[in-house]
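Undergrad:
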Amino acid sequence: MTINSYWGGSHIDEDHKSTRTLLHYLMRSVAAGANYLLNVGPTAQGQILPIHAQRLRQVGRGWRNTAHPSTTRARAHFSLAPLRRGIRPTKARSPPATKRSAPVTVRRITST
Numbered sequence: 010m011t012i013n014s015y016w017g018g019s020h021i022d023e024d025h026k027s028t029r030t031l032l033h034y035l036m037r038s039v040a041a042g043a044n045y046l047l048n049v050g051p052t053a054q055g056q057i058l059p060i061h062a063q064r065l066r067q068v069g070r071g072w073r074n075t076a077h078p079s080t081t082r083a084r085a086h087f088s089l090a091p092l093r094r095g096i097r098p099t100k101a102r103s104p105p106a107t108k109r110s111a112p113v114t115v116r117r118i119t120s121t
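Residue numbers for the sequence shown follow our numbering, so the first one is 10 and each next one is one higher.
1) By Cβ distance, which residues of its chain are closer than 7 Å to Thr99, with the 5 residues on each side in sequence left out?
2) State yes or no: is the C-beta of Leu65 within less than 8 Å of the C-beta of Val49?
3) With DSSP run on the structure shown, which of helix, strand or coil describes Asn74?
4) Suppose the cutoff is 6 Å on Cβ atoms and the five residues either side in sequence are ignored; what does the same chain contact list for Met10 look like?
5) Once the 5 residues before and after Gln67 are set aside, which same chain residues still bring their CB inside 7 Å of it?
6) Following the continuous alpha helix (DSSP H) through Met36, name the residue where it begins and the one where it ends.
7) Whose C-alpha, out of Ala62, Ser38, Gly69 and Arg70, is nearest the C-alpha of His25?
8) For Asp22 and Ser14, what's the separation of their Cα atoms in angstroms?
9) Do you know whose CA, among Asn44, Val39 and Pro59, lies nearest Pro51's CA?
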């Protein structure tokens, strides 16, 4: 994702995405368990455009204000139990959303 339409810096590109749009894509990525890469192309002098710096600050503030209550005490979850086939929705009795060809087993690595 880029703030404007180019991966690199472009002095002719004035099509900057709004803070609302950038936050929308960030929240969709997080909701899907994905990473979010937001590219900021520098100018020929290596500077970040003021409008891009402003958008980055606004997205940071918007994300902090939106996600702070849910991420304050968040902890990573890790289990060594074998995983079942498929990825399930939040309700345990729902059918799998996807199927895998074989079950996945997590094995412990021990030092000798």
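Just so it is clear, CB atoms sit at the ideal spot from N, CA and C, and this is done for glycine as well.
TA: Quick look at the numbers:
1) One-based indexing of the sequence shown puts residue 99 at position 90. Interpretation of Thr99 is limited by its pLDDT of 49, a score under 50 that renders its predicted location unreliable; no figure is taken from the coordinates.
2) On the sequence shown, position 56 is the one that residue 65 refers to. On the sequence shown, position 40 is the one that residue 49 refers to. Against a cut-off of 8 Å, the Cβ pair of Val49 and Leu65 comes out as a contact.
3) As a first step, residue 74 is located in the sequence shown; it is residue number 65 there, counting from the start. In this structure, Asn74 counts as helix in the three-state DSSP scheme.
4) Here residue 10 refers to the residue found at position 1 of the sequence shown. Around Met10, the same chain offers Tyr34 and Leu47 as residues with beta carbons nearer than 6 Å, after the five sequence neighbours per side are excluded.
5) Taking the sequence shown and counting its residues from 1, the one referred to as residue 67 is at position 58. The beta carbon of Gln67 sits closer than 7 Å to the beta carbons of Thr28 from its chain, once the five residues preceding and following it are set aside; these are given in chain order.
6) Position 27 of the sequence shown, counting from 1, holds the residue named residue 36. Where Met36 is concerned, the enclosing alpha helix (DSSP H) stretches over Thr28 to Ala40.
7) The residue you call residue 25 lines up with position 16 of the sequence shown. Measuring from the Cα of His25, the nearest candidate turns out to be Ala62.
8) Here residue 22 refers to the residue found at position 13 of the sequence shown. Here residue 14 refers to the residue found at position 5 of the sequence shown. Taking the CA atoms as reference points, Asp22 sits about 7 Å from Ser14.
9) For the purposes of this step, residue 51 is identified with residue 42 of the sequence shown, where counting begins at 1. Of the listed residues, the one whose Cα sits closest to Pro51 is Pro59.
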